[in-house]
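S.K.:
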Amino acid sequence: MTNGVRAVDHEYGEHDPILPAPVDPALDQAPIAQETRLAMYQLQEEIRQVEKELHRLFLEGLVQGTSHLYLGMEATATAFGTALRPDDYTFATYRGHGHTLARGVPMKGVFGEMLGRSSGILGGKGGSMHLTSVEHGMLGSYAIIGAHLTIANGAAWSAKYRGTDQVAVAFFGDGTTNIGAFHEALNFAVVYDLPVIFVCENNLYMEYTAIGDITAVPNPAADRAAAYGLERIIVDGNDADAVYLEASRAIEKARAGGGPSLIESLTYRHGGHSRADPGKYRPQEEIDAWMERDPIATYHQRLLRLGVDEGTLTGISTDVARRVEEAVEHAKASPRPSLEASHTNVYADGGARWRN
Amino acid sequence: MAELSYRDAVARGIAQEMERDERVFLIGEDVAGAGGVFKATVGLLDQFGPGRVVDTPISEQAILGAAMGAAMTGLRPIAEIMFSDFFAVCWDIVVNEIAKARYMTDGQVDVPLVIRSANGGGARFGAQHSQSVENWAMAIPGLKVVAPSTPEDVIGLMAASVRDEDPVLFFEHKTLYSHKGEVPDGEIVDELGKAKVVRKGTDATIVALAMMVPRALEAAERLAEDGISAEVIDVRSLIPLDTATILGSVAKTSRLYTVEENPRVLGWGAEIASIVADEAFWDLDAPVRRITTPHIPLPSSAPLEDDTIPSVERIHREVKESMD
Ligand SMILES: Cc1ncc(C[n+]2csc(CCOP(=O)(O)OP(=O)(O)O)c2C)c(N)n1
Ligand SMILES: [Mg+2]
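Chains as they are written, first to last, in numbering that gives the first Met the number 0: chain A, 0 to 355; chain B, 0 to 323.
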């Protein structure tokens, strides 16, 4: 800082690397059932393989528009998806493929949507950035930074008003902590003691800018928690068990009427921000260290240490690969939406009529 | 029948719906304890309690986001944006979220909510508290847009809005709050998308909205003294738009005037003029004439503000001159 004006003390892309923490060895002993762990392994594999396939399909020109991959960040959505109850609510961002799959939304509908087919879960009208499946509690993927934090509050409000014990979870990035809606949403949630959990997936970058260069505090979510009377929570976002424990604690608290939580989950993107971005603004040492701490590799090691045999894990991966292939074939074989679809569901009568 | 102010009609309309349906609740800044900055929600807190009538922080995005999330999950919120000018700080939630959720999810999501807001000028509040923004709302597919001009319509259209499955922006006119009108006893439920012929006439059709309706009626009274029989239509609902009533009237009178409080460019009357030009051109004996606020922000000082928003005198003059 000089003269009160923040000076960025480095060239673009040449900041000090931010390295991942080592795996916490105590997590091997975390009270998480073996079948839950195997389910989380499978879910992470599903998300990983779906995202990799989407990337391939994008390169083939079959996925159009933009897409924001969740590669490298799978543990957070997986752990929450596993800890939530089927009737709970998820609100995600444009980087929401993983959060959607983690609520049990079938791959076929996801691939259909990504390929712009009528078999897509949104009939081809939403696309990559808006995956939604109300019947799975996936209340939407939102592409304007910040808005969905306030909408998650509304779902939590509704749960409380109706006297259910459902909870709502909103996922968002580090960059999102700098928009007003984040701050409005947190204050609002605390004031009305809403059963909502705000999960900041801190992947160290907002688009192409290091979050530290544009944020007043080092931990963009956790360092703001105190301003709203909330606990400061940071979790290893590349370890599904670590996230699962925090998720379960926050969900239980919200369900029991204990109000909102704000969790900062530290993680990293394998690739760039979106389809076209090679992510070159990141120091190589940083990329290497985080690739080394990949959440799935980390989990694989843990499961082996806990006595699961390699064959079981390979079997899970192979099975996922088969299902991914089937889903892709299904999507490719699905028709494109009929042109009338553009004119449906603007209004509740199913149509687009605005005059008589 | 009883005489009721437009302001008290707001509270009565909301109470009617809250009594009927437990899913309806009201949130906004100062709406509960204080009864609203325009006193339009007085008594609701006492009647329905703090669980259903809720004061919020000054967080327009959080208010509308909460209303949306609640509407998506089975409730029927009424949210207040104190002055319609403040839509500018939460327009994302209205335009990108509320208006598009049903479409983008191909019908998976319902967003049955009402956002009520004090709209319009005439109160000397200056350019940030006087705008008529109904045309902003009208430009967004997925929203419904309502603006009543009488106490009875406030209640009936409020009921229709709350019962509608789509999001409705409900514009109350801040200068009409003190206006009084006869209101029938008992439940009142109206219909969206129905314009009202509020004065019958044969020589000219004057289409007006909200505060422009009483002004158009008074101008029509004066025109009658000049021997001109003007039909006045209260549009009431911009989306859905009752073009049938307007086209029917133009077929009869062959002349169309719109009286709009919004700044001129892309005001709601431009859309009506375009529809009439497309579909009723051969019915017309003269060009369509739009009587609007000029394309300027609103000034505060009384003579300036009165000179900008269409007045009775101006409506009377412009119609009369063009008919001579
Ligand atoms: C209001 C708004 N401003 C800017 C954008 C463009 N934008 C899309 S994603 C993004 C970066 C968000 O970063 P972060 O919150 O860290 O999420 P991440 O992409 O890293 O998951 C930006 C600036 C937007 N979508 N909405
Ligand atoms: Mg980020």
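Just so you know, even glycine gets a beta-carbon here, dropped at the ideal spot from N, CA and C.
1) Using the beta-carbon count (16 or more within 10 Å), is ARG335 (chain A) buried or exposed?
2) Taking Cβ positions, are LEU70 (chain A) and GLY270 (chain A) nearer each other than 8 Å?
3) Just the C-alpha distance for MET205 (chain A) and ARG254 (chain B), rounded to the nearest angstrom, thanks.
4) If we define contact as Cβ-Cβ less than 8 Å, is GLY125 (chain A) a contact residue for chain B?
5) When you compare each of B:LEU112, B:GLY68, B:PRO309 to ALA188 (chain A) by their alpha carbons, which one comes out closest?
6) Examine ligand 2 and report whether any of its heavy atoms sits within less than 7 Å of the Cβ of ASP173 (chain A).
7) Since THR75 (chain A) is in the alpha helix (DSSP H), which residue starts that stretch and which ends it?
8) In angstroms with no decimal places, state the Cα-to-Cα distance between LEU216 (chain B) and TYR102 (chain B).
9) Quick check: VAL9 (chain B) and ILE26 (chain B), are their CB atoms within less than 8 Å of each other?
10) What span of residues does the alpha helix (DSSP H) with VAL49 (chain A) cover, start to end?
11) Within 8 Å (strictly less), CB to CB, does TYR160 (chain A) reach chain B?
12) Run through chain B and tell me which residues come within less than 8 Å of ILE143 (chain A), C-beta to C-beta.
13) With a threshold of 8 Å between beta-carbons, can VAL166 (chain A) be considered close to chain B, or not?
14) Any Cβ of chain A within less than 8 Å of the Cβ of MET103 (chain B)?
15) With a threshold of 7 Å, establish whether the CB of GLU285 (chain A) neighbours any heavy atom of ligand 1.
16) Quick one: is ILE238 (chain B) near chain A, going by C-beta distance under 8 Å?
17) Closest to ASP152 (chain B) by CA distance: which of B:ILE57, B:GLY247, B:SER4, B:LYS251 is it?
18) Could you please give the first and the last residue of the uninterrupted alpha helix (DSSP H) stretch that includes TYR252 (chain A)?
19) Would you list the residues sitting across from SER264 (chain A) in a DSSP beta bridge?
20) Could you give the DSSP three-state label for ASN261 (chain B): helix, strand or coil?
21) What would DSSP say about VAL318 (chain B), mapped onto helix, strand or coil?
22) Hey, PHE170 (chain A) and ALA76 (chain A): beta-carbon distance below 8 Å or not?
23) Give me, in chain order, the residues of the same chain whose beta-carbon lies closer than 7 Å to that of ILE17 (chain A); leave out the 5 immediate sequence neighbours on both sides.
24) Taking only three categories from DSSP, how would you classify PHE170 (chain B)?
25) Which chain A residues sit within Cβ distance under 8 Å of PRO140 (chain B)?
26) Is the CB-CB distance between ALA203 (chain B) and ILE227 (chain B) below 8 Å?
27) Kindly provide the ranges of any alpha helix (DSSP H) runs that are 4 or more residues long and lie completely inside the region 120-190 of chain A, ordered along the chain.
28) Among B:HIS178, B:THR149, B:GLU220, B:THR104, which has the Cα closest to the Cα of THR131 (chain A)?
29) Starting from the Cα of ALA301 (chain B), find the closest Cα among B:GLY121, B:ILE13, B:MET17 and give me that residue.
30) Hey, how far is the Cα of VAL258 (chain B) from the Cα of THR343 (chain A)?
31) Express the C-alpha separation of ARG36 (chain A) and ARG55 (chain A) in angstroms, rounding to a whole number.
32) Please find out if some non-hydrogen atom of ligand 2 comes closer than 7 Å to the beta-carbon of ASN202 (chain A).
33) Measure the Cβ-Cβ separation of ASP241 (chain B) and LYS193 (chain B) and say whether it is below 8 Å.
34) Identify every run of the beta strand (DSSP E) within the region 168-250 of chain B, keeping only runs that are complete inside it and at least 3 residues long; order them along the chain.
35) List the residues of chain B that HIS54 (chain A) touches, going by C-beta distances under 7 Å, in chain order.
36) Can you list, in chain order, the residues of its chain with a C-beta nearer than 7 Å to that of PHE181 (chain A)? Leave out the 5 residues immediately preceding and following it.
M.R.: The short version:
1) exposed
2) yes
3) 57 Å
4) yes
5) B:GLY68
6) yes
7) 73-82
8) 39 Å
9) no
10) 33-58
11) yes
12) ASP91, ASN95, GLU96
13) no
14) yes
15) no
16) yes
17) B:SER4
18) In the sequence under discussion, the amino acid at residue 252 (chain A) is Lys, which differs from the Tyr named in the question. Element bounds for LYS252 (chain A): 239-254.
19) A:GLU200, A:VAL234
20) strand
21) helix
22) yes
23) LEU203, GLU285
24) strand
25) VAL345, ALA351, TRP353
26) yes
27) 146-161, 179-190
28) B:THR104
29) B:GLY121
30) 33 Å
31) 29 Å
32) yes
33) yes
34) 179-182, 195-198, 203-207, 229-233, 236-238
35) Going along chain B, no residue has its Cβ under 7 Å from HIS54 (chain A), so there is no contact; the nearest lies around 23 Å.
36) GLY145, LEU148, THR175
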